[in-house]
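Residue numbers (the numbering used here), protein chains in the order written: chain P, 130 to 266; chain S, 81 to 324.
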């Protein structure tokens, strides 16, 4: 019965996500440095997947669906922006200037920096060798 | 763990609460409908300016204003979605694992670029806002501007930033990066799709990654990887930085 098997895989995937979230949330307060519990859960799951060697099917499917719905999941938090009343015009100006100019500046610097770093690290005559050899690994 | 149980309890309590205009059985369909319409609008316009979060949030706000529902009531009715934020942060590990092979190919220059880019993005923004006299609320919201939303929201909670402002800043930053990033970088003679994707992913997270995928699969993979690594790195650095 393939339907029951699929459902079990989905449930297993969801279960893994919840277990790692709880694991992260429980361990985060014990760590010597502050980190959000869910982020710690993500790092632990990443470590687990690297040790396991592959992504279990159910987990891959559930994660993909969840990430597709990401905009829906954070919609309630985003709606709050229209209810903000305690920011002055000066704050709004600083905010927009920082977001627009700041993003363009950091994009420029990180782009140029990476360009220089990656160029130096490989022979100039074949800059795309490694990216094209992706399938060989 | 206890925190999580309390959250679960309040979600179920909202569902069994007496009927009202902000009951979850009304708020959830409202969110889903607004998300769906926002997505349709985005797909038919094909511009990052109309990212589903823009249309979706405006639609929800319009309905809330008409029905005279205040924000805390709406939040209570949408508890289930807040509950899913944690698992979706954890789920980011999966695409990260799938793209990790790329790191091994490009190695240390990529990691150095990531480290500098992840520090630079919030730093430049905070300095600009500081020079223009922005308040603490604004500065805090800017610290997570280039991080994917679920991680940014978790961080906002950790460092005491306003969640809504954080979500707004993240979405707007992503849109700026996605709209102007590719043409800006091309003008700077950055033609390597790996560099293009990585710079966009570090600065414009998921919204930028969608744009990067339109350029090429390689560009998209680098962007997704940069987004995940930048999120994890920032989540470790920001609380540490703010604590000192």
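Every residue, glycine too, gets a C-beta built ideally from N, C-alpha and C.
- In the assembly as shown, residue 177 of chain S is a buried residue. Its beta-carbon has 16 or more other beta-carbons within 10 Å.
- For chain S, the residues of the stretch 152-166 of chain P that bring a beta carbon within less than 8 Å of one of its beta carbons are 153, 154, 155, 162, 163, 164, 165 and 166, in chain order.
- Here residue 81 of chain S is exposed, its C-beta having fewer than 16 other C-beta atoms within 10 Å.
- Apart from the 5 residues on each side of it in sequence, residue 283 of chain S sits with its Cβ closer than 6 Å to the Cβ of 201, 226 and 257 in its chain, given in chain order.
- Taking each of P:227, P:242, P:233 and P:161 in turn and checking the Cα distance to residue 206 of chain S, the smallest one comes out for P:227.
- In the displayed model, residue 114 of chain S falls within a helix according to three-state DSSP.
- Under the Cβ criterion of 8 Å, residue 120 of chain S is not counted among the residues facing chain P.
- The straight-line gap separating the alpha-carbon atoms of residue 152 of chain P and residue 271 of chain S is approximately 42 Å.
- Annotation: the stretch 161-244 of chain S contains the following complete segments of the alpha helix (DSSP H) (minimum length 4 residues), in chain order: 173-211, 216-222 and 229-239.
- When rounded, the separation of the alpha-carbon atoms in residue 233 of chain S and residue 209 of chain P is 13 Å.
- Membership of residue 275 of chain S in the alpha helix (DSSP H) is indicated by the continuous run 273-295.
- Inclusion of residue 102 of chain S and residue 154 of chain S in the CB contact set at 8 Å is warranted, their separation being smaller than that value.
- Residue burial is scored here from C-beta neighbours: residue 145 of chain P has at least 16 other C-beta atoms within 10 angstroms and is therefore classed as buried.
- The Cβ of residue 135 of chain P sits no closer than 8 Å to any Cβ of chain S.
- Burial check for residue 124 of chain S: the Cβ neighbour count within 10 Å stays below 16, so the residue is exposed.
- Against chain P, the beta carbon of residue 294 of chain S has no neighbour under 8 Å; the closest one sits roughly 17 Å away.
- For residue 135 of chain S, no chain P residue has a Cβ inside 8 Å of its Cβ, as the nearest lies near 10 Å away.
- Taking 8 Å as the cut-off, the beta carbon of residue 241 of chain S is found no closer than this to the beta carbon of residue 171 of chain P.
- Taking a Cβ-Cβ cut-off of 7 Å, the neighbours of residue 240 of chain P in chain S comprise 265, 268, 270, 275 and 279, given in sequence order.
- Here DSSP, grouped into helix, strand and coil, assigns residue 270 of chain S to coil.
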